[in-house]
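So the structure is just underneath, and the comments pick up after that.
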Amino acid sequence: MRDFNEKTNERRATDKTSGVGGRFITFEGGEGCGKSTQIRLLAERLRAQGLQVLLTREPGGTALAERIRALVREIGEDPPNARAETLLFLASRAQLVENVVRPALAAGTWVLCDRFADSTFAYQGYGRGLNLTELKALNAFATDGLVPDRTILLDVPPETAAARLRAREQTTQTAADRMERAGDDFHARLKAGFLELAVAEPERFAVIAAEGSVESVAEKVWNSIRHML
Ligand SMILES: Nc1ncnc2c1ncn2[C@@H]1O[C@H](COP(=O)(O)OP(=O)(O)OP(=O)(O)O)[C@@H](O)[C@H]1O
Ligand SMILES: [Mg+2]
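To convert, count from 1 in the sequence shown and add 19; that's my numbering.
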């Protein structure tokens, strides 16, 4: 069910022409753009179509990977530097892909993942300034070449994301984590980086302007994947 593209040196998650096997869809974008909100709605809608759906997230999605998630988010006395942070994210990804995502896809389940490889390229590459070519090679090792069938990039103006995060902190009584506390420059680089990644792979990415209502964004997300059914 997987093919290998000689030209791009990438294996697609599934063979789109076979109609066999699940589809692998990832949600990307900066904090507060609405990934977790929209991924839940898409999962519900796909289940309503009778599909088997697995909803997971990065970092996390397995017991080990959730422990790594806690490590990268905490604001401790010895925060990971950019390279250590990258390797922690990649360890989480390797565990999730081999133990959870590939078996699910092979069983015909649709896998929806809240963040994936593009977050590494955006945060550690465009955000923290690590070399993108090196990051792509490391990521290919971690995933053993698994690439999403579709990546939904939710794009919002920084003010919208900041307002949503403030509202979320108030309603859930949670404080901003280490990533959320990074400065405005960092978040501007992230946003531009995500858009640059999308421009480079237009057939994989759907870039969705996500500042409208939850329902209107959900409709755009649905329209960007319905051809895969
Ligand atoms: N279209 C929308 N309009 C208004 N509020 C929204 C919209 N989408 C999401 N929200 C709210 O904004 C907050 C952030 O949304 P959500 O948690 O889905 O973002 P996220 O991209 O998953 O963020 P993070 O990267 O921090 O996990 C939540 O409180 C959510 O209820
Ligand atoms: Mg979220």
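All C-beta atoms, glycine included, are put in the ideal place defined by N, C-alpha and C.
Backbone CA spacing between residue i and residue j [nearest angstrom]
i, j, result
"residue 77", "residue 245", "24 Å"
"residue 129", "residue 123", "7 Å"
"residue 100", "residue 229", "31 Å"
"residue 150", "residue 211", "16 Å"
"residue 70", "residue 96", "45 Å"
"residue 190", "residue 181", "14 Å"
"residue 140", "residue 192", "30 Å"
"residue 64", "residue 231", "19 Å"
"residue 216", "residue 45", "14 Å"
"residue 144", "residue 238", "31 Å"
"residue 235", "residue 117", "35 Å"
"residue 194", "residue 188", "6 Å"
"residue 52", "residue 184", "9 Å"
Any non-hydrogen atom of ligand 1 within 6 Å of residue i CB
i, result
"residue 240", "no"
"residue 91", "no"
"residue 12", "What the structure shows of the chain is the stretch from 20 to 248, and residue 12 is not part of that stretch, so it cannot be assessed."
"residue 188", "no"
"residue 64", "no"
"residue 236", "yes"
With 16 other Cβ atoms within 10 Å as the buried cut-off, status of residue i
i, result
"residue 166", "buried"
"residue 157", "buried"
"residue 34", "Low confidence applies to residue 34: its pLDDT is 46, below 50, so where it sits in the model is not reliable enough to give any reading."
"residue 41", "buried"
"residue 67", "exposed"
"residue 168", "buried"
"residue 47", "buried"
"residue 36", "Any reading at residue 36 needs caution, since the residue's pLDDT is 39, under 50, leaving its predicted position unreliable; the model's value is listed next. The residue is exposed, with fewer than 16 neighbouring Cβ atoms inside 10 Å."
"residue 219", "exposed"
"residue 80", "buried"
"residue 152", "exposed"
If you pair each beta-carbon of the region 99 to 108 with each one of the region 216 to 236, do three or more pairs fall below 8 Å? no
May I have all residues whose beta carbon comes closer than 6 Å to any heavy atom of ligand 2, sorted in chain order? 54, 55, 133
Between the region 47 to 65 and the region 171 to 180, do three or more beta carbon pairs fall short of 8 Å? yes
Given 8 Å, three or more beta-carbon pairs between the region 85 to 97 and the region 134 to 141: no
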